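The block underneath contains the structure these notes are about, expressed in C-alpha cells.
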Amino acid sequence: MPELPEVEILVRHLRERLQGRRIRKVQILRQRVVRFERGQSFAERLIKCRIEDVSRRAKFLVFQLSLRQSSRRLIGHLGMTGRMYVLSGKARLPPHAAVVLKLDRGRFVFEDIRQFGRLTLNPACLDNLGPEPLTEDFDPESFFQGLQRSRRAIKPRLLQQDLVAGLGNIHLCEALFSAGIDPRTPAQDLSRKRVAKLWESIRRTLNRAIELGDNLALNLGGSGNADRLFYFGRQPGETTVSDERFLVYDRQGETCTVCREPIRRIVLFARSTYFCPRCQT
Ligand SMILES: [Zn+2]
Numbered sequence: 080m081p082e083l084p085e086v087e088i089l090v091r092h093l094r095e096r097l098q099g100r101r102i103r104k105v106q107i108l109r110q111r112v113v114r115f116e117r118g119q120s121f122a123e124r125l126i127k128c129r130i131e132d133v134s135r136r137a138k139f140l141v142f143q144l145s146l147r148q149s150s151r152r153l154i155g156h157l158g159m160t161g162r163m164y165v166l167s168g169k170a171r172l173p174p175h176a177a178v179v180l181k182l183d184r185g186r187f188v189f190e191d192i193r194q195f196g197r198l199t200l201n202p203a204c205l206d207n208l209g210p211e212p213l214t215e216d217f218d219p220e221s222f223f224q225g226l227q228r229s230r231r232a233i234k235p236r237l238l239q240q241d242l243v244a245g246l247g248n249i250h251l252c253e254a255l256f257s258a259g260i261d262p263r264t265p266a267q268d269l270s271r272k273r274v275a276k277l278w279e280s281i282r283r284t285l286n287r288a289i290e291l292g293d294n295l296a297l298n299l300g301g302s303g304n305a306d307r308l309f310y311f312g313r314q315p316g317e318t319t320v321s322d323e324r325f326l327v328y329d330r331q332g333e334t335c336t337v338c339r340e341p342i343r344r345i346v347l348f349a350r351s352t353y354f355c356p357r358c359q360t
C-alpha cells in the first residue's frame, strides 16, 4: 500500500505533467472508484476545467482545478492498488483503468485493480486530518500535549491521523525504532523529551524515504510492473528488495542493525508491527 513518501513522489511527477492541461473528456470505467459521486454530474463538473496544480495532503492527491472564475478540487486516493499516470493519446488503456481524463495533450489514467482507491470532488475527506508532518504546523509541543490526552498505545494512536496526518504502518514502525520507543507504550507515558525525539524521527524517516524515491530511476509512465512507484514492500512476483532501506519493517527474525537482537513482529490493533525488543523501550 502506498504511504506518504510514494504519494509525494507521485505528486511531484504528476504536477510537472498536468499543470496547465485542460480536461476535454471524462471516462468512468469503474464506477466504484467514484462511488461518492453521481457519475454524470462528476464528469460534467470536470469537463473544460484547467488543472492549475497538483499537491498532497496526507496520503491524498489534490488536483486544483479552475473553470473561468470558479475553482474546485478533485481529491484522489490510491487505496491499496491505485496508480495514476499520464499516457500518450495513442497508447492502449490498461485493463484496470478506472477513470480516464482526456486532456488537451495526453490522458490522465487512474488505474486500480482492487478498486479501494477513489476520486471525488467532495473535499470532506480532508476535514479531520491533523497537521502535515513535514510542515511547521506539526510542532513538538502540540504533539506532546495531544499524546498526553491518550492512554492508547503510541502506534495505533498515531495511525488515527488527527495528531499528525499521513503516517502509515511502515514509516511509523521505522520512526518508532529510530526514536527507541516500544510501539505498545501508552501515549501519555511518553516524556516531553521522548516525544521530541519521536517528532524528529517521524520527519527524518519520511524525508529520507522521499529522498530515496526521488533518486530512484522510477518509471511512472504506466508500463505495468516495471513501474517501481511502490518501492517499499515486495511486489508480487518480485524477489529482490534491494531498494529498501528499512531497519525493522518486514525484517522479522533478522538481526537489529544496532544491537544484533532479532527483530520481533507482533500484531497490534490488527496491524503487523515490527520492533527491536532491546532498542525500543
Ligand atoms: Zn536493537
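Residues 80 to 360 in our numbering are what the sequence shown spells out, letter by letter.
Backbone N, C-alpha and C define an ideal beta-carbon position, used for all residues, glycine too.
Predicted, not measured: the structure shown is a model, and the values here were computed from it.
Contact under 8 Å by Cβ, residue i with residue j
i	j	result
V86	L166	no
K234	T352	yes
V105	I126	yes
T160	I130	no
V90	S145	no
A137	G245	yes
G196	D241	no
D183	R101	yes
R357	E340	yes
L269	P212	no
G259	T360	yes
S221	A254	no
Assumed close pair residue i, residue j - CB separation to whole angstroms, cut-off 8 Å
i	j	result
V179	L172	7 Å
I345	V327	That pair is no contact at about 12 Å.
A266	R287	A266 to R287, Cβ: 24 Å. No contact.
F354	F256	6 Å
F189	G158	With a Cβ gap of about 10 Å, F189 and G158 do not count as contacting.
R103	Q194	R103 to Q194, Cβ: 25 Å. No contact.
Where residue i sits in the DSSP three-state scheme
i	result
Q143	strand
E279	helix
L255	helix
R357	coil
E215	coil
R193	coil
A244	coil
D293	helix
H175	coil
L108	coil
P315	Bear in mind that the predicted position of P315 carries a pLDDT of just 46, short of 50, making it too unreliable to give a figure here.
L83	helix
G185	coil
A305	Only weak support is given to the placement of A305: the predicted model assigns it a pLDDT of 43, under 50, and the question is left unresolved by the model.
Beta-ladder partner(s) of residue i, from DSSP
i	result
D206	Answer is none; D206 lacks a bridge partner.
G161	D191
R135	L140
G155	L140, L198
L166	R186
L347	R350
Check your reading: residues with Cβ closer than 5 Å to ligand 1 heavy atoms
C335, V337, C338, E340, C355, R357, C358
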